[in-house]
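In what follows, a structure is listed as structure tokens, so that the remarks can point back to it.
2 protein chains.
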Amino acid sequence: MVSPKSIPQHKKLYEILRRHITEGIYKEGDLLPSENELCQLYGMTRPTVRQSLSTLANDGYIRKHQGKGSIVHSLPKDIGILSVAGTTSAVGNRNLKTRIIVRPVLIPWQEDFMFPLTDIERESGCIYMERLRLLDDVPIFYDISYIANINLPRITSRQFENRSLFQILRASYHIEVMGGEQRIKAIPATGKISSYLKLNEGQPVLHLERKLETNNPALFLYSSIFCNTAKYSIFGRF
Amino acid sequence: MVSPKSIPQHKKLYEILRRHITEGIYKEGDLLPSENELCQLYGMTRPTVRQSLSTLANDGYIRKHQGKGSIVHSLPKDIGILSVAGTTSAVGNRNLKTRIIVRPVLIPWQEDFMFPLTDIERESGCIYMERLRLLDDVPIFYDISYIANINLPRITSRQFENRSLFQILRASYHIEVMGGEQRIKAIPATGKISSYLKLNEGQPVLHLERKLETNNPALFLYSSIFCNTAKYSIFGRF
DNA sequence: TATTTTTACTTGTAAATACAAGTTATTTTA
DNA sequence: TAAAATAACTTGTATTTACAAGTAAAAATA
Chain A
2 MVSPKSIPQH KKLYEILRRH ITEGIYKEGD LLPSENELCQ LYGMTRPTVR QSLSTLANDG
62 YIRKHQGKGS IVHSLPKDIG ILSVAGTTSA VGNRNLKTRI IVRPVLIPWQ EDFMFPLTDI
122 ERESGCIYME RLRLLDDVPI FYDISYIANI NLPRITSRQF ENRSLFQILR ASYHIEVMGG
182 EQRIKAIPAT GKISSYLKLN EGQPVLHLER KLETNNPALF LYSSIFCNTA KYSIFGRF
Chain B
2 MVSPKSIPQH KKLYEILRRH ITEGIYKEGD LLPSENELCQ LYGMTRPTVR QSLSTLANDG
62 YIRKHQGKGS IVHSLPKDIG ILSVAGTTSA VGNRNLKTRI IVRPVLIPWQ EDFMFPLTDI
122 ERESGCIYME RLRLLDDVPI FYDISYIANI NLPRITSRQF ENRSLFQILR ASYHIEVMGG
182 EQRIKAIPAT GKISSYLKLN EGQPVLHLER KLETNNPALF LYSSIFCNTA KYSIFGRF
């Protein structure tokens, strides 16, 4: 298993501040303590503090302004790495439910997979699952996930109801998503997709094909996501 | 006007390396010179070099590996900030054309604009233009742009054919895009959209509403983009 | 020869220091 | 009072130094 080792100071401060922002201790528009104040507070030097703030800025949690300070720029609540923004009103995180359609099973990779695979991935087999995610009991995401079976013992027997796949991977296997790539297109709803998302055949559906990189350089998370964007938009920052 | 001032060293090196990567001097998978070599080559200290590399990594041009080095991870050719990835084969940049549908004109902002506007933006008026972007003579993007008329003299009389809006803003006004946010949805093609993109009514179209931040904190670039994703996907990295 | 160990090189983390440059509030001056 | 200058903040840039940790090739060893 992965040992905790010693976590660098700049990462510790990053996690502290990120938690303070996401938990609302610092609210949107608030000014963070100045770099020198953070130095004193947490007993670090300015380069170390600046590295934490730099990461926070890159991740979109704050904006830095020379002469002013660091201003909190909190992101909308996200679902995994995706975010939804209501077209009419803001969406809380409360009414989000996850329904499992196909429990995690170990299967061989399909020949014509949407992304090229390494030999190691092919040999390891594919953990496959299908989920439906609902907002206010309206199906929004139909999500097909594919993960190479590399160092993920007992994953097929874990509870995925109302828990993010990312949360489980992070908590149980110390796997963190580092970045990734995706292809986006608009397609007409057909068969399974239209029935799961409760749309008429031919209605437009957003289709995302994504490959996520993790802190394990051999392990990628793949997913094919179909979104009903009639009521909600996908929201993104870059 | 914006004076050139003195550009920081880390930014200079960033630009040099970025150009070397995009121009193919360093190809995908190549190892960049080590940090110490770059220090010697460009007469900088390691923290300065590291800042350049850190920015390159954040922008997705390289990946850093402890003990190994920095590996080039070049992005696909982009169109503005958007990227396209062919579903069958890679797409070069050669066959890309831009057709102006509505030349830049100064108009008042519409009341129900897709993003909230500041008073300064409203008072400044809106530079409006419509463009169609074609790949191999097939219309892919129908692009409506809105820019607040803040310090952009003579912009309505510039040449936009086959030049990116971003290129012009960067070259003529020293405006650089820092980041932004977007909403994505799938909608059915209607009227003008279906005719410009040569699609049947009701066929799925990708709709992006984006707000881009610039190095001028008062200036944002807004655009509403309709994409024909029947043949090509929108490609993104994060 | 094959394995292990060592060495050299890579990036990562961290400190202490200095000055530049932008912002804001205060103070001074007209 | 109102404008201008100043001072006291803020973040930005940059150098120097040191050691930790990961990687890969070279050398030593079995």
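The listed protein sequences correspond, in order, to chains A and B. First residue of the first sequence? That's 2 in my numbering, and the numbers climb one at a time after it. First residue of the second sequence? That's 2 in my numbering, and the numbers climb one at a time after it. Glycine included, every Cβ here is placed at the ideal spot set by N, Cα and C.
Query raised in the report: So what does DSSP say about Lys98 (chain B), is it helix, strand or coil?
Result: Looking at Lys98 (chain B) - three-state DSSP - the assignment turns out to be strand.
**Report entry** Member of A:Tyr174, A:Thr23 and A:Arg19 whose CA lies at the smallest distance from the CA of Leu57 (chain A)
**Finding:** Minimum Cα distance to Leu57 (chain A) is reached at A:Arg19.
Query raised in the report: Taking Cβ positions only, does Gly1 (chain A) come closer than 7 Å to chain B?
Result: Outside the shown range of chain A, which is 2 to 239, sits residue 1 (chain A), and nothing can be said about it.
Query raised in the report: Of all the alpha helix (DSSP H) runs that stay within the bounds of the stretch 138-202 of chain B, which reach a length of 4 or more residues?
Result: If we require 4 residues or more, the alpha helix (DSSP H) runs fully inside the stretch 138-202 of chain B come out as 166-174 and 192-197.
Query raised in the report: Since Lys232 (chain A) is in the alpha helix (DSSP H), which residue starts that stretch and which ends it?
Result: No alpha helix (DSSP H) holds Lys232 (chain A); DSSP gives it neither H nor E.
Query - CA-to-CA distance, Thr119 (chain A) to Thr49 (chain A), given in whole angstroms - result: Roughly 37 Å separates the two Cα atoms.
Query raised in the report: Does the Cβ of Asn96 (chain B) have 16 or more other Cβ atoms within 10 Å, making it buried, or fewer, making it exposed?
Result: Exposed, because fewer than 16 other Cβ atoms sit within 10 Å of the Cβ of Asn96 (chain B).
Query raised in the report: Hey, out of B:Ser195, B:Ala149 and B:Val139, whose CA is closest to Ser224 (chain B)'s CA?
Result: The residue from B:Ser195, B:Ala149 and B:Val139 with its alpha-carbon nearest to that of Ser224 (chain B) is B:Ala149.
Query raised in the report: So, is Asp144 (chain B) buried or exposed, given that buried needs 16 or more other C-beta atoms within 10 angstroms?
Result: Asp144 (chain B) should be labelled buried.
Report task. Leaving out five residues on either side along the sequence, give the residues of the same chain with a beta carbon under 6 Å from the beta carbon of Val103 (chain B). Result -> The residues are Met130 and Glu131.
Report task. Could you confirm whether any beta carbon from chain B is found closer than 7 Å to the beta carbon of Val139 (chain A)? Result -> Nearest CB-CB separation between Val139 (chain A) and chain B: not below the 7 Å threshold.
Requested in this report: Take the Cβ of Thr230 (chain B) as the centre, count every other Cβ of all protein chains shown within 10 Å, and call the residue buried at 16 or more, exposed below.
Outcome: So Thr230 (chain B) ends up on the buried side.
Query raised in the report: Alpha carbon to alpha carbon, what distance is there between Glu29 (chain A) and Leu198 (chain B)?
Result: One C-alpha to the other measures close to 40 Å.
Query raised in the report: Does DSSP put Thr56 (chain B) in a helix, in a strand, or in coil?
Result: In the three-state reduction of the DSSP assignment, Thr56 (chain B) falls in the helix class, which pools H, G and I.
Query raised in the report: Are any of the Cβ atoms in chain B nearer than 7 Å to that of Ile176 (chain A)?
Result: No, its Cβ sits nowhere closer than 7 Å to a Cβ of chain B.
Report task. Check distances from the C-beta atoms of the stretch 10-22 of chain B to those of chain A and list, in chain order, the residues that come in under 9 Å. Result -> Listed in sequence order: no entries.
Report task. Report the rounded CA-to-CA distance for Ile235 (chain B) versus Cys127 (chain A), giving the unit in angstroms. Result -> Whole-angstrom Cα-Cα distance: 26 Å.
Query raised in the report: Apart from the five residues just before and just after Thr89 (chain B), which ones in its own chain have a Cβ nearer than 7 Å to its Cβ?
Result: At Thr89 (chain B), the pLDDT of 47 sits below 50, so the modelled position is not reliable; the number obtained from the coordinates is stated separately. Correct list: empty, nothing qualifies.
Report task. Sort out for me which residues DSSP pairs Met285 (chain B) with in a bridge. Result -> With chain B covering 2 to 239 only, the question about residue 285 (chain B) has no answer from this structure.
Query raised in the report: Under 7 Å between the Cβ atoms of Ile63 (chain B) and Ser71 (chain B)?
Result: Result yes, Cβ atoms of Ile63 (chain B) and Ser71 (chain B) sit closer than 7 Å.
Report task. Kindly indicate which three-state DSSP category Thr49 (chain A) falls into: helix, strand or coil? Result -> Of the three classes helix, strand and coil, the one that applies to Thr49 (chain A) here is helix, per DSSP.
Query raised in the report: Should Leu265 (chain A) be flagged as near chain B, meaning a C-beta pair shorter than 7 Å?
Result: Since the first residue of chain A shown is 2 and the last is 239, residue 265 (chain A) is not available in this structure.
Query raised in the report: Does DSSP put Lys69 (chain A) in a helix, a strand or coil?
Result: If DSSP states are grouped into helix, strand and coil, Lys69 (chain A) belongs with coil.
Requested in this report: Pick out whichever of A:Arg100, A:Asp113, A:Phe116 and A:Arg123 has its Cα sitting closest to the Cα of Leu136 (chain A).
Outcome: Residue A:Arg100 holds the alpha-carbon nearest to the alpha-carbon of Leu136 (chain A) among A:Arg100, A:Asp113, A:Phe116 and A:Arg123.
Query - Opposing strand residues paired with Leu136 (chain A) [DSSP bridges] - result: By DSSP's assignment, Leu136 (chain A) forms a beta bridge with A:Leu97 and A:Val139.
Requested in this report: Would you kindly report the start and end of the unbroken alpha helix (DSSP H) that includes Ser75 (chain A)?
Outcome: Neither: Ser75 (chain A) is in no alpha helix (DSSP H) and is coded neither H nor E.
Query raised in the report: How far does the alpha helix (DSSP H) with Thr119 (chain A) in it reach, from first residue to last?
Result: Run containing Thr119 (chain A): none; DSSP gives neither H nor E here.
Report task. Helix, strand or coil for Leu209 (chain A), going by three-state DSSP, please let me know. Result -> Strand.
Requested in this report: Please classify Ala219 (chain B): is it buried, with 16 or more other beta-carbons within 10 angstroms of its beta-carbon, or exposed?
Outcome: Counting Cβ neighbours within 10 Å, Ala219 (chain B) comes out exposed, since fewer than 16 surround it.
Query - Boundaries of the beta strand (DSSP E) in which Leu222 (chain B) is found, first to last residue - result: Phe221 to Cys228 is the span of the beta strand (DSSP E), which, as asked, contains Leu222 (chain B).
Report task. State the DSSP-derived secondary structure class of Ile22 (chain A), mapped to helix, strand or coil. Result -> In the structure shown, Ile22 (chain A) adopts helical secondary structure according to DSSP, grouped into three states.
Report task. Note down, in chain order, each residue of its chain lying with its Cβ closer than 6 Å to the Cβ of Arg184 (chain A), except the 5 sequence neighbours on either side. Result -> For Arg184 (chain A), same chain residues with a beta-carbon under 6 Å away, outside a window of 5 residues either side, are Glu210 in chain order.
Query raised in the report: From what residue to what residue does the alpha helix (DSSP H) around Ser42 (chain B) run?
Result: For clarity, residue 42 (chain B) is Leu in the given sequence; the question names Ser instead. Glu36 to Tyr43 is the extent of the alpha helix (DSSP H) around Leu42 (chain B).
Query raised in the report: Going by alpha carbons, who is nearest to Ile188 (chain A) out of A:Glu16, A:Cys228, A:Val139 and A:Cys40?
Result: Nearest in C-alpha terms to Ile188 (chain A), of all of A:Glu16, A:Cys228, A:Val139 and A:Cys40, is A:Cys228.
Query - Other residues of its chain near Arg47 (chain A): CB distance less than 6 Å, five sequence neighbours each side excluded - result: Closer than 6 Å at the Cβ level, and outside the excluded window around Arg47 (chain A), lie Glu36 and Cys40.
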